[in-house]
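To keep things clear, I will list the structure first and then write my remarks on it.
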Amino acid sequence: MGADEARDPGNPSPMTPILTWAVPVEPASQSIAFAPNMTPGTFIDPPLAIEAVFEPILFPSSPSESSVRRPAHSKKRGEDHIPRPPNAFILFRSSFIKSQHVSTDVETNHSTLSKIIGLTWQNMPHDERQIWHAKAKKALEEHRKKWPQYAFRPSHGKTKGAAEKRKVREVEPKDMKRCAKIAELLVEGSRP
DNA sequence: TTGAATGAAAA
DNA sequence: TTTTCATTCAA
Numbered sequence: 001m002g003a004d005e006a007r008d009p010g011n012p013s014p015m016t017p018i019l020t021w022a023v024p025v026e027p028a029s030q031s032i033a034f035a036p037n038m039t040p041g042t043f044i045d046p047p048l049a050i051e052a053v054f055e056p057i058l059f060p061s062s063p064s065e066s067s068v069r070r071p072a073h074s075k076k077r078g079e080d081h082i083p084r085p086p087n088a089f090i091l092f093r094s095s096f097i098k099s100q101h102v103s104t105d106v107e108t109n110h111s112t113l114s115k116i117i118g119l120t121w122q123n124m125p126h127d128e129r130q131i132w133h134a135k136a137k138k139a140l141e142e143h144r145k146k147w148p149q150y151a152f153r154p155s156h157g158k159t160k161g162a163a164e165k166r167k168v169r170e171v172e173p174k175d176m177k178r179c180a181k182i183a184e185l186l187v188e189g190s191r192p
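Numbering (the UniProt record's numbering), first residue to last: 1 to 192.
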């Protein structure tokens, strides 16, 4: 760490409309419930209870065609393998791909897609990203609940002989600019 | 098996 | 601090 917290480049937005936050339409359908094994005595009240995880405004997941969940890479890794809990970006990316907002029809290269989605992620307003962070947090809680004893154990000597990673194809700057434009348009165009 | 992104957590 | 790995699927 250190004094390099200047991780917030241009984000002045002096005239950002702040998106009309459509109040959380979540009545009592999602009432807070204590876990069965949790005794009221041990309940620690979190400073900020963000129980309600609102749906993203900019890039909502497609309501249709989203039931068949593939086991991803069921090969390799024994069935005992517990996958890491997905972080906010991974969740966002998955949703983005599934939604087919821009995927496989125009770009089949997932590496490029990752670039576009990454740029889109950075262009997203803070509020929107926070929603995905909340989702990630929730996923983490579920993960902990499902595998309480899970712990991330990265293998050290994994990357082969530390050989040079050969790049398949570096995205040309021209295409890079195109990606940036796409990402920008994606966010701008999704604004209400 | 790799690439490509971001982020959480381990070493 | 650096490295691993979570998702995703065409090469």
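Note that beta-carbon positions come from the ideal geometry of N, C-alpha and C, so glycine has one too.
Residue environment, residue i, which counts as buried when at least 16 other CB atoms sit within 10 Å
i: residue 185; result: exposed
i: residue 120; result: buried
i: residue 95; result: buried
i: residue 115; result: buried
Nearest-angstrom Cα separation, counted from residue j out to residue i
i: residue 176; j: residue 57; result: 26 Å
i: residue 129; j: residue 77; result: 31 Å
i: residue 188; j: residue 181; result: 10 Å
i: residue 106; j: residue 190; result: 19 Å
i: residue 131; j: residue 79; result: 31 Å
Proximity winner among the options, relative to residue i (alpha-carbon distances)
i: residue 100; options: 180, 117, 150 and 86; result: 117
i: residue 81; options: 154, 191 and 192; result: 154
i: residue 84; options: 111, 192, 157 and 137; result: 137
Residue i - DSSP class collapsed to helix/strand/coil
i: residue 201; result: In this structure the chain extends from 1 to 192, so residue 201 is not present and cannot be described.
i: residue 157; result: coil
i: residue 124; result: coil
i: residue 151; result: coil
i: residue 143; result: helix
i: residue 108; result: coil
Contact between the segment 90-110 and the segment 145-153: three or more CB pairs below 8 Å? Here the segment 90-110 makes no contact with the segment 145-153; the two share fewer than three CB pairs at distances below 8 Å.
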